[in-house]
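Number of protein chains: 2
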Amino acid sequence: MKTQKKRSDCPVSFSLEAFGDKWSLLIVRDLMLKKKCTYGELAKSDEKIATNILAARLLSLEENGIIQKLEHPDSKAKVLYQLTQKGMDLIPIIVEINLWAEKYTDIPEKRKELLAQMNADKEGFIKNAFKELESNR
Amino acid sequence: MKTQKKRSDCPVSFSLEAFGDKWSLLIVRDLMLKKKCTYGELAKSDEKIATNILAARLLSLEENGIIQKLEHPDSKAKVLYQLTQKGMDLIPIIVEINLWAEKYTDIPEKRKELLAQMNADKEGFIKNAFKELESNR
DNA sequence: ATATTTACTTGCAAAAAGCAAGTGATTTTA
DNA sequence: TAAAATCACTTGCTTTTTGCAAGTAAATAT
Chain W
1 MKTQKKRSDC PVSFSLEAFG DKWSLLIVRD LMLKKKCTYG ELAKSDEKIA TNILAARLLS
61 LEENGIIQKL EHPDSKAKVL YQLTQKGMDL IPIIVEINLW AEKYTDIPEK RKELLAQMNA
121 DKEGFIKNAF KELESNR
Chain X
1 MKTQKKRSDC PVSFSLEAFG DKWSLLIVRD LMLKKKCTYG ELAKSDEKIA TNILAARLLS
61 LEENGIIQKL EHPDSKAKVL YQLTQKGMDL IPIIVEINLW AEKYTDIPEK RKELLAQMNA
121 DKEGFIKNAF KELESNR
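Taken in order, these protein sequences are the chains called W and X.
The UniProt record's numbering applies: residue 1 is where the first sequence begins, and numbers increase by one.
The UniProt record's numbering applies: residue 1 is where the second sequence begins, and numbers increase by one.
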């Protein structure tokens with residue numbers, strides 16, 4: 001795992017150095033909520049990430065211990081990307097970011113069910129998301 | 001308030017467009033947890049933000065409705081920066097970011113008391129932080 | 001054997017961040 | 001009350017990061 005230069009000893013700063021850019025949490029979102037697991041799937045995000053940026057961010061997330069690369073069971077041309085424990089521990093942050101957005105922007109239809117679950121039982125949603133991610137191991 | 005170009009209609013993407021860079025949440029942290037409220041105080045962050053970047057981020061946070069500028073009661077050479085309701089609603093995200101960091105890095109002595117409170121009673125901490133920020137109005 | 005898929009890399013232009021110095025309005029100090 | 005200091009920025013310039021388009025090598029499918 002990468003040793004960071006650390007702009008300061010603040011925990012918020014530590015976290016932002018690991019995932020505080022425009023792309024990292026979107027990749028985590030795709031691995032977490034959209035069940036994507038290959039480079040090709042991640043490259044097809046709604047936000048149209050450039051392939052070189054995707055590669056750079058995946059490397060950085062891996063160096064920070066948030067994701068790991070594994071052999072894909074279907075083909076060795078493919079790579080299986082998945083969240084580590086450290087990556088799965090970002091679920092509560094992703095949930096809070098979703099809940100904040102819900103207060104200040106319109107939520108697309110396809111996302112409303114997920115938001116409803118988060119609102120109805122935040123703890124339950126987090127536990128369940130964890131369980132689902134772990135079952136894919 | 002700024003109308004965003006919106007990379008996509010995803011709520012996570014919406015949120016990251018408002019505060020998903022290396023500096024915005026550190027400024028929010030200073031306003032929220034460190035009780036800073038002037039440009040000069042914010043410029044003295046541990047992470048040594050450049051003054052032009054600080055000015056740019058403050059403008060962007062203001063355009064996104066997360067902070068507001070007010071007249072400083074002590075002097076009209078000063079400006080009072082404070083979180084709006086929308087900005088205060090970032091408290092749960094800041095809390096989760098702190099808790100994530102706590103699992104994966106050493107927390108400095110001066111921050112341990114705050115973390116202890118977050119752990120002991122997350123909801124209570126959030127409510128209290130809200131109350132304190134609102135009392136400064 | 002050839003074409004296609006997959007996970008990247010490379011080269012270059014554009015945008016953003018970072019540094020050091022400066023500015024003009026207030027406010028304090030001598 | 002004139003000069004020095006404070007305050008909130010701005011400006012100019014360099015460096016770093018992002019973004020786009022095209023390319024590559026290994027594996028798989030046809």
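Glycine residues also receive a C-beta, built at the ideal position from the N, C-alpha and C atoms.
All values derive from a computational prediction rather than experimental measurement.
> According to a CB-to-CB cut-off of less than 7 Å, which residues of the stretch 22-49 of chain X neighbour chain W?
Replying inline: Answer in chain order: Lys22, Leu25, Leu26, Arg29, Asp46, Glu47.
> Do the stretch 41-52 of chain W and the stretch 84-104 of chain W touch if we need at least three Cβ pairs shorter than 8 Å?
Replying inline: Result no; under three Cβ-Cβ pairs closer than 8 Å.
> Helix, strand or coil: how does DSSP classify leucine 90 of chain W here?
Replying inline: For the purposes of this step, residue 90 of chain W is identified with residue 90 of the first sequence, where counting begins at 1. Shown here, leucine 90 of chain W sits in coil according to DSSP, grouped into three states, outside any helix or strand.
> Can you tell me whether DSSP reads glutamate 132 of chain X as helix, strand or coil?
Replying inline: To locate residue 132 of chain X, count along the second sequence from 1; it is residue 132. For glutamate 132 of chain X, the three-state secondary structure derived from DSSP is helix.
> Who are the Cβ neighbours of asparagine 98 of chain W in its own chain at under 7 Å, not counting the five residues just before and after it?
Replying inline: Residue mapping note: residue 98 of chain W aligns to position 98 of the first sequence, counting from 1. Result list for asparagine 98 of chain W: Leu115, Met118, in chain order.
> Straight-line CA distance for threonine 110 of chain W to valine 12 of chain X?
Replying inline: If you number the first sequence from 1, residue 110 of chain W lands on position 110. If you number the second sequence from 1, residue 12 of chain X lands on position 12. One point to set straight first is that residue 110 of chain W is lysine, not threonine, in the sequence displayed. So the alpha carbons of these two residues sit roughly 14 Å apart.
> chain X beta carbons: is any one of them nearer than 7 Å to that of asparagine 52 of chain W?
Replying inline: Counting from 1 along the first sequence, the entry for residue 52 of chain W is found at position 52. False, the Cβ-Cβ gap to chain X never drops below 7 Å.
>> Please return the same chain residues whose Cβ sits closer than 8 Å to the Cβ of proline 108 of chain X, not counting the five positions on each side in sequence.
In response: Within the second sequence, numbered from 1, the residue matching residue 108 of chain X stands at position 108. Within the same chain, no residue comes within 8 Å of proline 108 of chain X by CB-CB distance, once the 5 residues on both sides are set aside.
> What's the gap between the Cα of leucine 42 of chain W and the Cα of serine 60 of chain W?
Replying inline: In the first sequence, the residue the question calls residue 42 of chain W occupies position 42. In the first sequence, the residue the question calls residue 60 of chain W occupies position 60. Between leucine 42 of chain W and serine 60 of chain W, the C-alpha separation is close to 15 Å.
> Given methionine 88 of chain W, which residues of its chain have a CB within under 7 Å of its CB, disregarding the five upstream and five downstream residues?
Replying inline: By one-based count along the first sequence, residue 88 of chain W stands at place 88. Around methionine 88 of chain W: Phe130, Leu133.
> Which term fits alanine 55 of chain X, buried or exposed, when burial requires 16 or more other beta carbons within 10 angstroms of its beta carbon?
Replying inline: As a first step, residue 55 of chain X is located in the second sequence; it is residue number 55 there, counting from the start. Flag for alanine 55 of chain X reads exposed.
>> For chain X, check one thing: does any of its Cβ atoms lie closer than 7 Å to the Cβ of phenylalanine 130 of chain W?
In response: The residue you call residue 130 of chain W lines up with position 130 of the first sequence. Not one chain X Cβ lies under 7 Å of phenylalanine 130 of chain W.
> Looking only at DSSP bridge pairs, what is tyrosine 81 of chain W linked to?
Replying inline: By 1-based counting over the first sequence, the position of residue 81 of chain W is 81. Note: tyrosine 81 of chain W sits in a beta bridge opposite W:Lys69.
> So, using beta-carbon positions, are asparagine 19 of chain W and leucine 25 of chain W closer together than 7 Å?
Replying inline: Looking up residue 19 of chain W in the first sequence gives position 19. Looking up residue 25 of chain W in the first sequence gives position 25. First, the amino acid is wrong: residue 19 of chain W is phenylalanine here, not asparagine. Yes, the pair counts as a contact, with Cβ atoms nearer than the cut-off.
> From the beta carbon of glutamate 96 of chain X, is the nearest beta carbon of chain W less than 7 Å away?
Replying inline: Here the question's residue 96 of chain X lines up with position 96 in the second sequence. The C-beta of glutamate 96 of chain X comes closer than 7 Å to at least one C-beta of chain W.
> So which residues on chain W does valine 79 of chain X lean against when the C-beta distance must stay under 9 Å?
Replying inline: Translated into positions along the second sequence, residue 79 of chain X becomes position 79. Neighbours of valine 79 of chain X in chain W, taken as residues whose beta carbon is under 9 Å from its own, are absent, since the nearest beta carbon is some 24 Å off.
>> Please report the straight-line C-alpha distance between lysine 112 of chain X and alanine 101 of chain X, rounded to a whole angstrom.
In response: Here residue 112 of chain X refers to the residue found at position 112 of the second sequence. Here residue 101 of chain X refers to the residue found at position 101 of the second sequence. Taken atom to atom, the span from the alpha-carbon of lysine 112 of chain X to that of alanine 101 of chain X is near 12 Å.
> leucine 16 of chain X to lysine 22 of chain W, Cα distance in whole Å?
Replying inline: Here residue 16 of chain X refers to the residue found at position 16 of the second sequence. Here residue 22 of chain W refers to the residue found at position 22 of the first sequence. Their Cα atoms are separated by approximately 6 Å.
> So serine 33 of chain X is in the alpha helix (DSSP H); what residue range does that whole segment cover?
Replying inline: Locating residue 33 of chain X in the second sequence gives position 33, counting from the first residue. Per the sequence shown, residue 33 of chain X should be read as leucine rather than serine. Looking at the DSSP string, leucine 33 of chain X is not in any alpha helix (DSSP H), and its letter there is neither H nor E.
>> Quick check: what's the CA-CA separation for asparagine 128 of chain W versus arginine 29 of chain W?
In response: As a working mapping, residue 128 of chain W is identified with position 128 in the first sequence. As a working mapping, residue 29 of chain W is identified with position 29 in the first sequence. Distance between the alpha carbons of asparagine 128 of chain W and arginine 29 of chain W: 15 Å.
> At least one CB of chain W closer than 7 Å to the CB of alanine 120 of chain X: is that the case?
Replying inline: Position 120 of the second sequence, counted from the start, is the residue given in the question as residue 120 of chain X. It does not: the Cβ of alanine 120 of chain X has no partner Cβ on chain W nearer than 7 Å.
> Would glycine 65 of chain W pass as a contact of lysine 86 of chain W if the rule is Cβ separation under 7 Å?
Replying inline: Within the first sequence, the letter at position 65 stands for residue 65 of chain W. Within the first sequence, the letter at position 86 stands for residue 86 of chain W. Closer than 7 Å, so yes.
>> When you compare the CB positions of threonine 38 of chain X and lysine 78 of chain X, do they come within less than 7 Å of one another, or not?
In response: For the purposes of this step, residue 38 of chain X is taken as residue 38 along the second sequence, with counting starting at 1. For the purposes of this step, residue 78 of chain X is taken as residue 78 along the second sequence, with counting starting at 1. For threonine 38 of chain X and lysine 78 of chain X, yes; Cβs fall inside 7 Å.
> Straight-line CA distance for glycine 40 of chain W to leucine 83 of chain W?
Replying inline: Walking along the first sequence from the start, residue 40 of chain W turns up at place 40. Walking along the first sequence from the start, residue 83 of chain W turns up at place 83. If you draw a straight line from the Cα of glycine 40 of chain W to the Cα of leucine 83 of chain W, it is about 17 Å long.
>> Which residues in chain W have a C-beta closer than 7 Å to the C-beta of threonine 105 of chain X? List them in chain order.
In response: Locating residue 105 of chain X in the second sequence gives position 105, where the first residue counts as 1. The answer, in chain order, is Pro11, Phe14.
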